[in-house]
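First residue of the sequence shown? That's 312 in the working numbering, and the numbers climb one at a time after it.
Structure first, commentary second.
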Amino acid sequence: MQEKKPRRGIQSVEIAFRILSVMQTSQQAMALKDIAPLADLTASAANNYLVSLVRIGLAAADEKPGHYRLGPAALSLGVSAIQQIDGFEIVRREVTNLRDMTRRSAAVTTWTDDGPLSLFKQDGDQRGAFEFRTGLIPMLSSAAGKIYAARLAANLTAHLIAQEWDAVFGGKVDAGKFRDDASRELKRKGYTTIVRSDLTGYVSIAAPVLDWNGDVRFTLSLAGTRASMTIEPSSEQVKALLASAANATQALGGKTTSRD
Numbered sequence: 312m313q314e315k316k317p318r319r320g321i322q323s324v325e326i327a328f329r330i331l332s333v334m335q336t337s338q339q340a341m342a343l344k345d346i347a348p349l350a351d352l353t354a355s356a357a358n359n360y361l362v363s364l365v366r367i368g369l370a371a372a373d374e375k376p377g378h379y380r381l382g383p384a385a386l387s388l389g390v391s392a393i394q395q396i397d398g399f400e401i402v403r404r405e406v407t408n409l410r411d412m413t414r415r416s417a418a419v420t421t422w423t424d425d426g427p428l429s430l431f432k433q434d435g436d437q438r439g440a441f442e443f444r445t446g447l448i449p450m451l452s453s454a455a456g457k458i459y460a461a462r463l464a465a466n467l468t469a470h471l472i473a474q475e476w477d478a479v480f481g482g483k484v485d486a487g488k489f490r491d492d493a494s495r496e497l498k499r500k501g502y503t504t505i506v507r508s509d510l511t512g513y514v515s516i517a518a519p520v521l522d523w524n525g526d527v528r529f530t531l532s533l534a535g536t537r538a539s540m541t542i543e544p545s546s547e548q549v550k551a552l553l554a555s556a557a558n559a560t561q562a563l564g565g566k567t568t569s570r571d
């Protein structure tokens with residue numbers, strides 16, 4: 312079979328998009344002299360494109376002479392794109408990809424008023440106690456639950472932590488310490504872990520999927536045993552999880568966070 316030739320496009324549209332992409336990377340208006348080289352254009356050519364982009368509202372001239380920022384039409388397009396995104400379909404595909412890459416059980420979870428809710432799962436090669444389940448899952452004994460404890464307001468999670476505390480830890484409830492520990496782990500690693508000390512050897516890891524506001528929209532999780540899954544940052548399972556979470560975050564218009 313002959314390979315299909317690349318379809319012809321409009322080069323000027325692609326060049327204009329390069330300029331918009333450059334401006335998107337900055338949190339403030341950019342000078343023309345900085346935009347041009349980053350878009351691989353001369354200052355004169357960049358200026359001509361910016362005249363048109365300003366005219367249609369995708370760019371706007373800043374109060375500071377010679378500086379430009381994204382315009383109101385760019386914001387409108389962004390909002391419309393967000394509304395058209397099918398978030399669940401994005402993370403559902405990532406769950407399937409994670410299972411296929413790691414051969415471990417994978418799942419996606421979201422937050423509800425009743426706590427973390429597992430929406431979709433794919434079973435790995437190991438079955439039984441190492442499988443995820445759909446429906447409400449615990450806060451304290453799930454890696455996904457630890458992410459919500461770390462990222463959500465305390466008043467949203469305190470009652471759930473208190474309900475589960477005795478069965479998991481026993482003694483006096485210390486929700487603040489649990490949240491702080493989960494927050495430090497998430498900030499340091501970019502994911503959370505659960506390692507059971509019982510005979511099952513169960514371990515799980517979870518990473519957040521962020522939306523355009525920087526809020527946790529979903530969590531992606533992997534589960535297995537201490538013998539079948541390494542939970543250190545250098546492990547292939549962790550790398551696959553973080554890559555899937557980053558892909559989903561980007562698809563939802565979010566930005567991945569840096570780790571200490």
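Every residue gets a Cβ at the ideal spot worked out from N, C-alpha and C, and that includes glycine.
All values reported here derive from a predicted model rather than from experimental measurement.
An exposed status is given to Gly481, since fewer than 16 other beta-carbon atoms sit within 10 Å of its beta-carbon. Ile505 sits in a strand when the DSSP states are folded into three classes. Closest in C-alpha terms to Lys498, from the list Ala461, Ser355 and Phe328, comes Ala461. In the structure shown, Val514 falls within a strand segment according to DSSP collapsed to helix, strand and coil.
C-alpha of Asn558 to C-alpha of Trp523: approximately 13 Å in a straight line. Considering only Met341, Glu405 and Thr468, the residue with the shortest C-alpha distance to Glu374 is Met341. Gly456 carries a helical assignment under DSSP once its states are collapsed to helix, strand and coil. With 16 or more other Cβ atoms inside 10 Å of its own Cβ, Thr503 counts as buried. Going by DSSP, Ser539 is part of no beta strand (DSSP E) at all; its letter is neither H nor E. In the displayed model, Arg528 falls within a strand according to three-state DSSP. DSSP places Thr423 within a strand segment (E or B) once states are collapsed to three. For Ala370, the enclosing beta strand (DSSP E) has its first and last residue at Ala370 to Ala372. Shown here, Gly481 sits in coil according to DSSP, grouped into three states, outside any helix or strand. At a Cβ-Cβ threshold of 8 Å, Leu369 and Leu331 count as neighbours. In this structure, the beta-carbon distance from Ile516 to Ser452 does not fall below 8 Å. Rounded to whole angstroms, the gap between the alpha carbons of Gly501 and Asp491 is 15 Å.
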